[in-house]
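What follows is one structure encoded as structure tokens, with my remarks underneath.
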Amino acid sequence: MKKPIRKNIELGVLFGLVCAIMLSFARFEVRCDELRQGVLRLHIVANSDSEADQNLKLAVRDEILKSSVDIFKNCNNVDQAIAIASKNIETINTIANNVLKQSGFGYEANVSVGSKYFNTRVYDDFTLPAGNYTSLIVDLGDAKGKNWWCVVFPCVCVPSASDATLTDGVSPYAADTAENASQYKIRFKTVELYEKFKKYLQKNDIF
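For the sequence shown, the positions run 2 to 208 when the numbering used here is used.
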């Protein structure tokens, strides 16, 4: 076989392999995006990493989770959950600030609903891919400490909502991605690198 012909065949095979990999990644990214769009996360950020501030973060968490059962009990989809969270910002803010006041801390809580970037995270028996998620954000004081997160819709982090599952309302393919993450370790890592790159470009206003 002549060298130019052989080289063209090798390039063709390589191009086909690259296309197959890109197509596979694109399909996986669609599943990941479905997961991102299908949940409302709760993100509580401590004032600092001191033991007192971290313990206070958990106390705030406990009170918010107690109330979230009633707040989100009539949610049938994530859009309703986001709307209800937005409507109850002041209520949740009051809950958090009452804990801070009763504990004798001088700083306050700031509650909002917005987009928040997360790395890939494992929660009990499911994994959520890296990327931006709509979140109920509770910043305590300077919000410079370690955070705590869970999913408030579906209410998988509320004990009394044990019948809820993360994959309520998503396709079987997206559900499989979240529940069988060990089969997709490399793909989850690739998605995380891709999302970090996107975040870098956006931060530096490159596109």
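Backbone N, C-alpha and C fix where the C-beta goes; we use that ideal spot for every residue, glycine too.
For residue i, does the three-state DSSP call read helix, strand or coil?
| i | result |
| --- | --- |
| D71 | helix |
| V157 | coil |
| D140 | strand |
| K1 | Beyond the ends of the chain as shown, which are 2 and 208, falls residue 1; an answer cannot be given. |
| V1 | There is simply no residue 1 to check, as the chain begins at 2 and stops at 208 in what is shown. |
| T121 | coil |
| S183 | helix |
| A110 | strand |
| V31 | helix |
| N99 | helix |
| N78 | coil |
| V152 | strand |
| Y171 | Per the sequence shown, the amino acid found at residue 171 is Val instead of Tyr. Note: V171 maps to coil in three-state DSSP. |
| S51 | coil |
| N133 | strand |
| S104 | coil |
| M23 | Note on M23: pLDDT 48, under 50, position unreliable in the model; the coordinate value appears next. Of the three classes helix, strand and coil, the one that applies to M23 here is helix, per DSSP. |
Taking Cβ positions, are residue i and residue j nearer each other than 9 Å?
| i | j | result |
| --- | --- | --- |
| R37 | L141 | no |
| A144 | N111 | yes |
| Y118 | R42 | no |
| V114 | I96 | no |
| S172 | R32 | yes |
| T92 | E193 | no |
| N148 | F106 | no |
| A179 | F127 | yes |
| A131 | E52 | no |
| F73 | V153 | yes |
In whole angstroms, give me the CA-to-CA distance for residue i and residue j.
| i | j | result |
| --- | --- | --- |
| W150 | K58 | 11 Å |
| N181 | D125 | 12 Å |
| E30 | A82 | 24 Å |
| R28 | P155 | 24 Å |
| Y108 | I85 | 26 Å |
| L137 | C76 | 15 Å |
| V157 | K88 | 21 Å |
| S116 | S69 | 20 Å |
| A211 | I187 | In the structure as shown, the chain starts at 2 and stops at 208, and residue 211 therefore has no counterpart that could be examined. |
| L66 | Q103 | 18 Å |
| K200 | K190 | 15 Å |
| D50 | H44 | 16 Å |
| N56 | D177 | 35 Å |
| S163 | D71 | Any reading at S163 must be qualified, since the residue scores a pLDDT of 49, below 50, and its modelled position is unreliable; no value is offered. |
Would you please verify whether the beta carbon of residue i is less than 9 Å from any beta carbon of chain D?
| i | result |
| --- | --- |
| N111 | Annotation note: the requested chain D is absent from the structure, which comprises a single protein chain. |
Our contact map puts residue i next to residue j with C-beta atoms below 8 Å; I'd like the distance itself, whole angstroms only.
| i | j | result |
| --- | --- | --- |
| V139 | V46 | 7 Å |
| G146 | D54 | 5 Å |
| E64 | V40 | With a Cβ gap of about 22 Å, E64 and V40 do not count as contacting. |
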